[in-house]
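In the UniProt record's numbering, the protein residues as written are 1 to 427.
Ideal Cβ positions, reconstructed from N, Cα and C, are used throughout, including at glycine.
Here's what the structure looks like:
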């Protein structure tokens with residue numbers, strides 16, 4: 001797996017490429033230029049990060065459909081341009097990827113289960129590495145948050161149990177064949193052997209990500225998707241070895257996935273995303289959430305996970321387009337307990353849009369890296385804007401999830417500082 005240090009400044013884009021030019025940006029910044037630790041280099045296990053700024057996973061629905069249904073949706077030239085523009089981040093975590101066809105809960109979501117998808121991601125990782133960036137791929141299985149119109153042979157979604165995610169919507173095909181937000185359907189509970197087999201599916205997806213040039217993978221165990229469905233003691237009413245009654249059992253699926261992925265690509269390239277207080281995906285409030293969270297963190301540390309990515313936001317029912325995001329305060333007491341049992345890095349994602357709040361979070365000593373989500377949509381040069389105190393552009397939410405190509409995706413220019421012209425007659 002590639003391990004990257006900061007390279008020399010790359011050559012400018014080829015003439016006529018149509019790429020947004022970021023050639024004027026300082027490359028790389030010197031230590032003396034950086035007044036805040038936020039934009040200073042930092043190691044992430046064996047990987048050298050240029051700064052502590054993380055671009056977190058964000059679904060943008062700009063993929064291309066495969067030539068055959070089994071190919072799945074995949075990355076393309078526009079996706080490569082998008083991530084390449086944002087390569088000044090210390091760490092990029094890609095939009096989420098399906099680990100197999102049964103995971104395709106939303107239309108236009110890429111995957112990493114087919115050879116075609118693996119090939120399609122290569123230009124993306126090359127674009128990021130060309131600019132000295134580091135990129136991990138996020139892996140998921142949606143579980144019950146799916147619709148039969150997107151699944152092979154119209155099969156039902158699968159879940160930890162047969163309980164439907166009432167009130168949650170997915171982007172799927174309506175009766176007329178047109179894409180729209182529709183209610184998640186009633187799932188079929190996975191059998192014990194199917195859960196065990198799914199562990200191998202995640203490991204294979206991680207191997208594919210490595211072959212596609214990614215520096216590591218992030219396992220999505222948050223936001224009400226399959227892995228978190230198992231960890232919720234209220235939703236998980238199973239009675240087998242993956243059942244919700246015992247702490248070790250309801251977290252077993254995650255731990256087996258982590259062990260398999262670490263064995264496949266090594267501990268330095270594996271992160272896990274958690275949202276212990278999230279409600280997205282019709283997740284019920286869990287009275288045992290703190291017990292589960294602290295146990296999971298300790299166990300992940302024992303398995304050599306490089307980082308834990310915490311999403312401290314309240315995500316209500318609905319869909320990814322209409323949901324209102326409300327950042328929560330960092331729970332210092334609980335995180336201090338977690339910190340004591342985990343030697344890796346903590347990433348905090350939740351409402352950051354400036355340097356001051358990010359630095360205050362870093363100053364607690366409880367987190368190591370800061371993820372900026374929505375600001376990265378309209379500010380591909382976000383690190384440079386944060387470093388220099390330049391204003392941030394704001395994206396139009398109506399084009400977050402569209403098929404409008406570059407519009408609202410790769411058409412945001414880097415900031416151009418207006419120079420003051422002094423005239424001699426003023427003195």
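query: Near residue 301, which residues of its chain fall below 8 Å by C-beta distance, leaving aside the five closest residues on each side in sequence?
result: Numbered from its first residue, the chain shown carries residue 301 at position 301. 341, 342, 343, 344, listed in sequence order.
field: C-alpha gap between residue 240 and residue 130, whole angstroms
entry: For the purposes of this step, residue 240 is taken as residue 240 along the chain shown, with counting starting at 1. For the purposes of this step, residue 130 is taken as residue 130 along the chain shown, with counting starting at 1. Going from the Cα of residue 240 to the Cα of residue 130 covers about 48 Å.
- request: Could you please give the first and the last residue of the uninterrupted alpha helix (DSSP H) stretch that includes residue 128?
  value: Against the chain shown, residue 128 aligns to sequence position 128. Per DSSP, residue 128 belongs to the alpha helix (DSSP H) from 115-130.
Proximal residues to residue 157 (C-beta, below 6 Å), its chain only, five neighbours per side dropped: Here residue 157 refers to the residue found at position 157 when the chain shown is read from its first residue. Excluding residues within five positions, the ones whose Cβ falls inside 6 Å are 144, 146, 185, 187.
- request: With DSSP as the reference, label residue 208 as helix, strand or coil.
  value: Here residue 208 is taken as the residue at index 208 of the chain shown, counted from 1. The answer is helix: DSSP assigns residue 208 an H, G or I state.
query: Who are residue 155's beta bridge partners in DSSP?
result: Along the chain shown, read from residue 1 onward, the residue named residue 155 stands at position 155. Answer by DSSP bridge pairing: none, since residue 155 is not bridged.
query: Nearest CA to the CA of residue 275: which residue from 260, 306, 346?
result: As a first step, residue 275 must be located in the chain shown, where it is residue number 275. When each option's Cα is compared against that of residue 275, the closest is 346.
- prompt: Where does residue 145 fall in DSSP's three states?
  reply: Working through the chain shown from its first residue, we reach residue 145 at position 145. In the structure shown, residue 145 sits in coil (DSSP, three-state: anything other than H, G, I, E or B).
Reduced DSSP secondary structure (H/G/I, E/B, other) of residue 375: Here residue 375 refers to the residue found at position 375 when the chain shown is read from its first residue. Helix at residue 375.
Distance, residue 293 Cα to residue 323 Cα: As a working mapping, residue 323 is identified with position 323 in the chain shown. As a working mapping, residue 293 is identified with position 293 in the chain shown. Per-residue confidence for residue 323 stands at a pLDDT of 49, beneath the threshold of 50, marking its modelled position as unreliable; no derived number is given.
query: Taking contact to mean at least 3 C-beta pairs separated by less than 8 Å, is the region 270-286 in contact with the region 148-167?
result: yes
message: Three or more C-beta pairs under 8 Å: does that hold for the region 251-269 against the region 171-185?
response: no
- prompt: Looking only at C-alpha atoms, which of 199, 42, 338, 375 sits nearest to residue 355?
  reply: Against the chain shown, residue 355 aligns to sequence position 355. Taking the Cα of residue 355 as reference, the smallest distance to any Cα among 199, 42, 338, 375 is reached at 375.
- prompt: Three-state secondary structure (DSSP) at residue 282?
  reply: Numbered from its first residue, the chain shown carries residue 282 at position 282. Note: residue 282 maps to coil in three-state DSSP.
field: Assigned exposure category for residue 444 - 16 Cβ within 10 Å defines buried
entry: Here the chain comprises residues numbered 1 to 427, so residue 444 is not present and cannot be evaluated.
field: Residue burial classification, residue 154 (beta-carbon count within 10 angstroms, cutoff 16)
entry: Along the chain shown, read from residue 1 onward, the residue named residue 154 stands at position 154. By the neighbour-count rule (16 or more Cβ atoms within 10 Å), residue 154 is not buried but exposed.
message: For residue 38 and residue 353, what's the separation of their Cα atoms in angstroms?
response: Here residue 38 is taken as the residue at index 38 of the chain shown, counted from 1. Here residue 353 is taken as the residue at index 353 of the chain shown, counted from 1. Their backbone Cα atoms lie some 13 Å apart in a straight line.
field: Bridge partner(s) assigned by DSSP for residue 307
entry: Within the chain shown, the letter at position 307 stands for residue 307. For residue 307, the pairing in a beta bridge is given by DSSP as 271, 345.
- request: Note down, in chain order, each residue of its chain lying with its Cβ closer than 6 Å to the Cβ of residue 357, except the 5 sequence neighbours on either side.
  value: Residue numbering aside, residue 357 sits at position 357 when the chain shown is read from its first letter. Taken in chain order, the list of residues that qualify is empty.
Contained beta strand (DSSP E) runs [length at least 3] in the region 200-264, N- to C-terminal order: As far as the region 200-264 is concerned, its whole beta strand (DSSP E) runs of at least 3 residues are 216-220.
- request: Could you say which of 77, 377, 390 lies nearest to residue 412 if we only look at CA atoms?
  value: Residue numbering aside, residue 412 sits at position 412 when the chain shown is read from its first letter. Across the set 77, 377, 390, the C-alpha of 377 shows the shortest separation from the C-alpha of residue 412.
task: Could you work out which residue in 161, 249, 89 is closest to residue 226 when comparing CA atoms only?
output: Mapped onto the chain shown, residue 226 falls at position 226. The option with the nearest alpha carbon to residue 226 is 161.
- prompt: Sorted by chain position, which residues of the same chain lie with C-beta nearer than 8 Å to residue 63's C-beta, five sequence neighbours on each side aside?
  reply: In the chain shown, counting from the first residue as 1, residue 63 sits at position 63. For residue 63, where only same-chain residues beyond five positions count, the Cβ hits under 8 Å are 73, 74, 75, 76, 79, 108, 109, 110.
- request: Using the Cα positions of residue 370 and residue 189, report the straight-line distance between them to the nearest angstrom.
  value: Counting from one through the chain shown, the residue named residue 370 turns up at place 370. Counting from one through the chain shown, the residue named residue 189 turns up at place 189. Taking the straight line from one Cα to the other gives about 36 Å.
query: Is it true that the CB of residue 264 sits closer than 7 Å to the CB of residue 138?
result: Translated into positions along the chain shown, residue 138 becomes position 138. Translated into positions along the chain shown, residue 264 becomes position 264. No, the pair does not count as a contact, with Cβ atoms beyond the cut-off.
- request: Please classify residue 410: is it buried, with 16 or more other beta-carbons within 10 angstroms of its beta-carbon, or exposed?
  value: Within the chain shown, residue 410 is the residue found at index 410, counting from 1. Taking a 10 Å sphere around the C-beta of residue 410, we find 16 or more other C-beta atoms and assign the residue as buried.
query: Among 114, 49, 128, which has the Cα closest to the Cα of residue 86?
result: Taking the chain shown and counting its residues from 1, the one referred to as residue 86 is at position 86. Checked all of 114, 49, 128; the closest Cα to residue 86 is 128.
- prompt: Whole-angstrom Cβ separation of residue 364 and residue 296, contact assumed at under 8 Å?
  reply: Taking the first residue of the chain shown as position 1, residue 364 is located at position 364. Taking the first residue of the chain shown as position 1, residue 296 is located at position 296. Going by Cβ atoms, the distance from residue 364 to residue 296 rounds to 21 Å, so no, they are not a contact pair.
field: Range of the contiguous beta strand (DSSP E) that encloses residue 97
entry: Here residue 97 is taken as the residue at index 97 of the chain shown, counted from 1. Looking at the DSSP string, the run of the beta strand (DSSP E) that includes residue 97 is 91-98.
- request: Below 7 Å CB to CB, which residues in the same chain sit around residue 333 once its five sequence neighbours on both sides are set aside?
  value: As a first step, residue 333 is located in the chain shown; it is residue number 333 there, counting from the start. Excluding sequence neighbours, residue 333 sits near nothing in its chain.
- prompt: Out of curiosity, what's the CA-to-CA distance linking residue 359 and residue 247?
  reply: As a working mapping, residue 359 is identified with position 359 in the chain shown. As a working mapping, residue 247 is identified with position 247 in the chain shown. Going from the Cα of residue 359 to the Cα of residue 247 covers about 35 Å.
field: Alpha-carbon spacing of residue 203 relative to residue 331, whole angstroms
entry: Counted from its first residue, the chain shown places residue 203 at position 203. Counted from its first residue, the chain shown places residue 331 at position 331. Roughly 32 Å between the two C-alpha positions.
- prompt: When we look at the beta-carbon of residue 120 and count the other beta-carbons within 10 Å, is it buried (16 or more) or exposed?
  reply: On the chain shown, residue 120 is found 120 positions in, with the first residue counted as 1. Flag for residue 120 reads buried.
message: For residue 224, tell me which candidate among 291, 270, 141 has the shortest Cα-Cα distance.
response: The count along the chain shown starts at 1 and reaches residue 224 at position 224. Nearest to residue 224 by C-alpha distance, out of 291, 270, 141, is 141.
task: For residue 368, count neighbouring Cβ atoms within 10 angstroms of its own Cβ and tell me buried if that reaches 16, exposed if not.
output: The residue labelled residue 368 in the question sits at position 368 within the chain shown. Label assigned to residue 368: buried.
- request: Would you mind working out which of 42, 90, 69, 71 sits nearest residue 380, comparing C-alpha positions?
  value: For the purposes of this step, residue 380 is identified with residue 380 of the chain shown, where counting begins at 1. Of the candidates 42, 90, 69, 71, the one whose C-alpha sits nearest the C-alpha of residue 380 is 90.
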